[in-house]
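Presented below is the structure to which this report refers.
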Amino acid sequence: METWLKEQLTYGAKYFIPSLLKYPVTPKENERLRTLRAKTGGMIHGLCRADDPGKADLLRAAGVNWGRTGIAFPFDADGGVSEDFRRDLERLRRFRESGVKVLVTTPSVGYFLGRGIDPRTPEGEEKTRTVARFIMQQLQGLASGVCICNEIGIPRFGHPLNMDQAVRFLGVQAEAMAPFKGDIIVGYNTVGPQADQHYKMRPWFPYLDYVGFDMYIGCFFPVLTQLGIFALIAKYLWAFTGMPVMLVEFGYLAAGAPKSKAEKKAVLQKYGANSEKEAKAHIEDFLAHFNETGRKYVEKCATKGKANYVFGPDFVNHLYCELPRLVRIKGCPHTQEGQAEFYRRLLPRLEKLPFLAGMFIYTASDDSRCGICGQAECPTETQWGLCTADGTPKKGYYAVQEIWGSAGNQANS
930 METWLKEQLT YGAKYFIPSL LKYPVTPKEN ERLRTLRAKT GGMIHGLCRA DDPGKADLLR
990 AAGVNWGRTG IAFPFDADGG VSEDFRRDLE RLRRFRESGV KVLVTTPSVG YFLGRGIDPR
1050 TPEGEEKTRT VARFIMQQLQ GLASGVCICN EIGIPRFGHP LNMDQAVRFL GVQAEAMAPF
1110 KGDIIVGYNT VGPQADQHYK MRPWFPYLDY VGFDMYIGCF FPVLTQLGIF ALIAKYLWAF
1170 TGMPVMLVEF GYLAAGAPKS KAEKKAVLQK YGANSEKEAK AHIEDFLAHF NETGRKYVEK
1230 CATKGKANYV FGPDFVNHLY CELPRLVRIK GCPHTQEGQA EFYRRLLPRL EKLPFLAGMF
1290 IYTASDDSRC GICGQAECPT ETQWGLCTAD GTPKKGYYAV QEIWGSAGNQ ANS
């Protein structure tokens, strides 16, 4: 993690500010952007985790013209085409028939390793190319876009690859897909600016159609909570890479609040400790009280000590099921009304960026349980949806509909 953070700071200092300074004199259109626009038909108004084709009417009513969804690894342990992959292709076919285009996120490195394919070896790299070619061939007539892997440049999704290995893993897949992609647009996504990854991806740009970034502000940390950050990063990427830019993930939590000291102590006691100090001193006993989802996640990610990780910035909000007081955007509380206001303020700004290929809101529906800590009451990964877990539209849905359902549909008609 220290190496990753060091590279973010080093490359960021070298390329982020200079690229922003270059932006005012950078042309706001180029041949790559014109080619992509011809394939997509205009601005992409997308929704992440649009996994149910049966809800396509609900998506279209909100002005959503693309969905983003993942697909399974294509081969089973015996080398045959997996049933999960076949089902996913059928799901894509149903989306296509409904009139909603799809951006497919391909399997990440863990699924390759799970099938005995290590992309760090010459043999594994060749098999990676074979998998990528097969996926692209199968997506013809079903998908309109591909995002290779998801946030492969961060340890959570890229482990055990370092950045150079992750970049090559992306690049060889893009190269293998290129001869077969036709009108399917292909790119990748980073977490925020990640200048190191974009810099190292430059040799592979000839095989790509866009560069993507994911951005969440006011939901995890009490810093950099201004809406202008979205446009700032998009402008930097356009000036730095010369590639069409895609906002592949963004959103805002519709619930979450600070916990009092007494409430936090009650949480600690639920896991067998009376204080953070006691929990850290007996971290294995503390973790033994976690549910299986949370315990396994900590074991996977805590490379520098479990106690430090559990009470560190990546997990502590999950532990206490809270959003600290300063973790918010001014004027946008973590409520349904605040989520709606977030979209009313941000979406018109994004529409004005001439080089932005599209944007994908996270996410279609709330989750009933956090996928990281496994707790139903944790807001951090459960309250992103434009609809509730049972599919009921929230106020955020109607705010998006107000903007995309009018101007968005006109732009893409």
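Numbering follows my numbering, with no gaps: position 352 of the sequence shown is 1281.
Glycine included, each C-beta is placed from N, C-alpha and C at the ideal position.
Model, not experiment: these values are computed from the prediction.
In the DSSP assignment, TRP995 forms a beta bridge with GLY975 and LYS1030.
For LEU1176, the enclosing beta strand (DSSP E) starts and ends at 1174-1179. DSSP places THR1222 inside the alpha helix (DSSP H), whose first and last residues are 1221-1230. When rounded, the separation of the alpha-carbon atoms in ARG1016 and GLY983 is 15 Å. The Cβ atoms of LYS1030 and TRP995 sit closer than 8 Å to each other.
Of LYS1190, ASP1296 and ARG1274, the smallest CA-CA separation from GLU1306 is found for ASP1296.
In terms of Cβ geometry, MET1106 and ALA1061 form a close pair [threshold 8 Å]. Beta-bridge analysis with DSSP links MET1065 to no other residue. Membership of ASP1093 in the alpha helix (DSSP H) is indicated by the continuous run 1092-1106. The Cβ atoms of PHE1289 and GLU1178 sit closer than 8 Å to each other.
The beta-carbon distance between HIS1247 and ILE1301, rounded to whole angstroms, is 6 Å. This is short enough to meet the 8 Å contact definition.
If you look at ASP1143, you'll find it in the beta strand (DSSP E) that goes 1139-1144. Per DSSP, the beta bridge partners of TYR1117 are VAL1140. LEU1153: not part of any beta strand (DSSP E); DSSP gives it neither H nor E.
In the structure shown, the three-state DSSP call for PHE1002 is coil. Straight across, the Cα-Cα distance linking LYS1110 with THR1059 is about 14 Å.
Looking at the backbone, the Cα of GLN1304 and that of THR1321 are separated by about 22 Å. For GLY1053, same chain residues with a beta-carbon under 7 Å away, outside a window of 5 residues either side, are ILE1046 and ASP1047 in chain order. DSSP places PHE1041 in the uninterrupted alpha helix (DSSP H) bounded by 1038-1043. Its chain contains no residue whose beta carbon lies nearer than 6 Å to that of PRO1089 once the 5 sequence neighbours on both sides are disregarded. DSSP places VAL1010 within a strand segment (E or B) once states are collapsed to three. Counting every other CB atom within 10 Å of its CB across the protein chains shown gives LYS1206 a total below 16, marking it as exposed.
When C-beta atoms of the segment 1306-1318 are compared with those of the segment 1189-1201, fewer than three pairs fall below 8 Å, so the two segments do not count as touching. The beta carbons of GLY1028 and ALA985 sit about 7 Å from each other, so the pair counts as a contact at 8 Å.
With respect to the C-alpha of GLU1080, the residue from THR964, ALA1095 and LEU1182 having the closest C-alpha is ALA1095.
Rounded to the nearest angstrom, the gap between the Cα atoms of LYS1188 and PRO947 is 41 Å. Here the alpha carbon of GLU960 sits roughly 19 Å from the alpha carbon of TYR1165. In terms of CA proximity to GLU936, PRO1122 leads the group PRO1122, LEU1021, ALA1210 and ASN1118. Counted as a single uninterrupted DSSP element, the beta strand (DSSP E) harbouring ILE1290 occupies residues 1285-1290. Under the three-state reduction of DSSP output, PRO1048 falls in the coil class, being neither helix nor strand. With contacts defined by Cβ atoms closer than 8 Å, GLY1287 and MET1175 form a contacting pair. Counting of Cβ neighbours within 10 angstroms places GLN1126 among the buried residues, the total reaching 16 or more.
Rounded to whole angstroms, the gap between the alpha carbons of ARG966 and LEU1216 is 50 Å. When only Cα atoms are considered, VAL1038 and TRP933 end up about 18 Å apart. Here the alpha carbons of GLY1241 and PHE1219 stand approximately 17 Å from one another. In this structure, DSSP gives GLY1334 a helical state, which the three-state scheme calls helix.
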